[in-house]
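See below for the structure under consideration.
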Ligand SMILES: *[C@@H]1O[C@H](CO)[C@@H](O)[C@H](O)[C@H]1NC(C)=O
Ligand SMILES: *[C@@H]1O[C@H](CO)[C@@H](O)[C@H](O)[C@H]1NC(C)=O
Ligand SMILES: *[C@@H]1O[C@H](CO)[C@@H](O)[C@H](O)[C@H]1NC(C)=O
Ligand SMILES: *[C@@H]1O[C@H](CO)[C@@H](O)[C@H](O)[C@H]1NC(C)=O
């Protein structure tokens, strides 16, 4: 037995080394524009996941097309500019619907429309320019057409063109209509102005594989947390009802932690929990079945599905919530070892009945997919 443990450990070490070598290969700086590209797994940033620069004189086609799949309602997809960002273009989603924003000479414009794209299905997107028009096609149908003309716009085709995926190369202050840049989405089969050279990647981003099939929810792989300041979350409405946090999904590990000065409560798995002023964690049940729970914060106590789990008359939890303590999903902040990090899919998180989007967290670990979980493998045994 000790021998096989040793072998197992050696295999694990090799696997880890192997995995990091592979990742180094990608994060070493370049990726093909035609690769499967997961725009998710990013730290909150406006910087693109990847970008490319080419001479305008070398451009033989003004058409880009790719397949795109997401369940995320908001975020950056594709960016392009010329004249070092003086003329720029960005395609994003807002409320699941495509939006184009263009800055050119003295014009700043924003146009939203077309079909909802955040349905978890692959869509073919095509962007092209035709004289003074920019056209977005979705699944071979024109979705957005923007006409632009300006006396000040120069049409010379000299200098560089830059393209980027998952972020901008100009200051976000230049946007006409700001949005949350994080996009949990995947791109494949990209053709970008017929460029064949590799793209440069953001050194903080590691290209990770896309799940083959996705389902709605937030996926935690046990590597990190998403944290909110409770003062940014829905407020108390009724003292009697308290503040409710409803979660459903399939998971194991530490679901959430409330942490303030001299106060910490962690909820581990769907039944086990640990509450203490010192924040020492003890128990974890390896439950991984679909579950649903309602965690309620009352003035001096915390309940799970109506049962009191913690009570302290000296704590005013409503004031803590209003003033702003940390609510962390997926582990215990500052305690990565032995904190039973969360594995699994949180299908829905609702606070006071409002859906919570992990892209709005003050910190979100890049390993978390905020809008997609792997779909369960189809059972083909019978
Ligand atoms: C662009 O063209 C210039 C000169 O024509 C050349 O030096 C440069 O390497 C080219 N850049 C790219 C990205 O092809
Ligand atoms: C794109 O590139 C391929 C190969 O380099 C070439 O055969 C094709 O004509 C190009 N298409 C356009 C529209 O320039
Ligand atoms: C989880 O909760 C969401 C929102 O309340 C709901 O739409 C979904 O159907 C629930 N899923 C399950 C499996 O109960
Ligand atoms: C939450 O935000 C409030 C208001 O900005 C601030 O006073 C408080 O210190 C923050 N709490 C944490 C835990 O960062």
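In my numbering, the protein residues as written are 26 to 407.
Glycine included, every Cβ here is placed at the ideal spot set by N, Cα and C.
Since we're looking at a predicted model, the values are computed, not measured.
Buried versus exposed, by CB contacts within 10 Å (16 or more), residue 74: Counting from one through the chain shown, the residue named residue 74 turns up at place 49. Residue 74 is buried by the Cβ-count criterion.
Residue 69 and residue 192 - do their beta-carbons sit closer together than 8 angstroms? On the chain shown, position 167 is the one that residue 192 refers to. On the chain shown, position 44 is the one that residue 69 refers to. No; because the gap between Cβ atoms is not below 8 angstroms, this pair is not in contact.
Here's the rule I'm using: 16 or more other beta-carbon atoms within 10 Å means buried, otherwise exposed. How should residue 155 be labelled? The residue you call residue 155 lines up with position 130 of the chain shown. Label assigned to residue 155: exposed.
Note down the Cα distance separating residue 281 from residue 251, rounded to an integer number of angstroms. In the chain shown, residue 281 corresponds to position 256, counting from 1. In the chain shown, residue 251 corresponds to position 226, counting from 1. So the alpha carbons of these two residues sit roughly 9 angstroms apart.
Taking the continuous alpha helix (DSSP H) assigned at residue 116, which residues delimit it? In the chain shown, residue 116 corresponds to position 91, counting from 1. Premise fails: residue 116 lies in the beta strand (DSSP E), 112 to 119, not in any alpha helix (DSSP H).
Considering only residues of the same chain and omitting the five flanking positions on each side of residue 202, which have a CB-CB separation below 6 angstroms? Your numbering for residue 202 matches position 177 in the chain shown. Closer than 6 angstroms at the Cβ level, and outside the excluded window around residue 202, lie 135.
Tell me the DSSP secondary structure of residue 147 in three-state form. Residue 147 sits at position 122 when you count from the first residue of the chain shown. The answer is coil: DSSP assigns residue 147 none of H, G, I, E or B.
Could you compute how far the alpha carbon of residue 333 sits from the alpha carbon of residue 234? Reading the chain shown from its first residue, position 308 is the one you call residue 333. Reading the chain shown from its first residue, position 209 is the one you call residue 234. Each residue's Cα considered, the two are about 42 angstroms apart.
Could you tell me how far apart the beta carbons of residue 209 and residue 394 are, in whole angstroms, since I believe they sit closer than 8 angstroms? For the purposes of this step, residue 209 is taken as residue 184 along the chain shown, with counting starting at 1. For the purposes of this step, residue 394 is taken as residue 369 along the chain shown, with counting starting at 1. Indeed they touch by this definition, with Cβ atoms about 5 angstroms apart.
What would DSSP say about residue 71, mapped onto helix, strand or coil? Taking the first residue of the chain shown as position 1, residue 71 is located at position 46. In this structure, residue 71 counts as coil in the three-state DSSP scheme.
Which residue marks the beginning of the beta strand (DSSP E) containing residue 158, and which one marks its end? Taking the first residue of the chain shown as position 1, residue 158 is located at position 133. Its beta strand (DSSP E) spans residues 158 to 163.
Secondary structure at residue 106, three-state DSSP: helix, strand or coil? Your numbering for residue 106 matches position 81 in the chain shown. Looking at residue 106 - three-state DSSP - the assignment turns out to be strand.
Buried/exposed call for residue 306, threshold 16 Cβ in 10 Å: For the purposes of this step, residue 306 is identified with residue 281 of the chain shown, where counting begins at 1. Its pLDDT being 36, under 50, residue 306 is placed unreliably in this model, and the value from its coordinates should be taken loosely. Label assigned to residue 306: buried.
Let me check one thing: in DSSP terms, what residues is residue 230 bridge-paired to? Within the chain shown, the letter at position 205 stands for residue 230. None; residue 230 has no bridge partner.
Just to confirm the assignment, what range does the alpha helix (DSSP H) spanning residue 342 have? As a position in the chain shown, residue 342 is number 317, starting the count at 1. Where residue 342 is concerned, the enclosing alpha helix (DSSP H) stretches over 342 to 348.
If you follow the beta strand (DSSP E) that residue 124 is part of, which residue opens it and which one closes it? Here residue 124 refers to the residue found at position 99 when the chain shown is read from its first residue. Run containing residue 124: 122 to 129, per the beta strand (DSSP E) assignment.
Counting only the same chain and skipping the five closest in sequence on each side, list residues whose C-beta sits under 6 angstroms from that of residue 353. Numbered from 1 along the chain shown, position 328 holds the residue referred to as residue 353. Cβ neighbours of residue 353 beyond the five flanking positions: 250, 252, 282.
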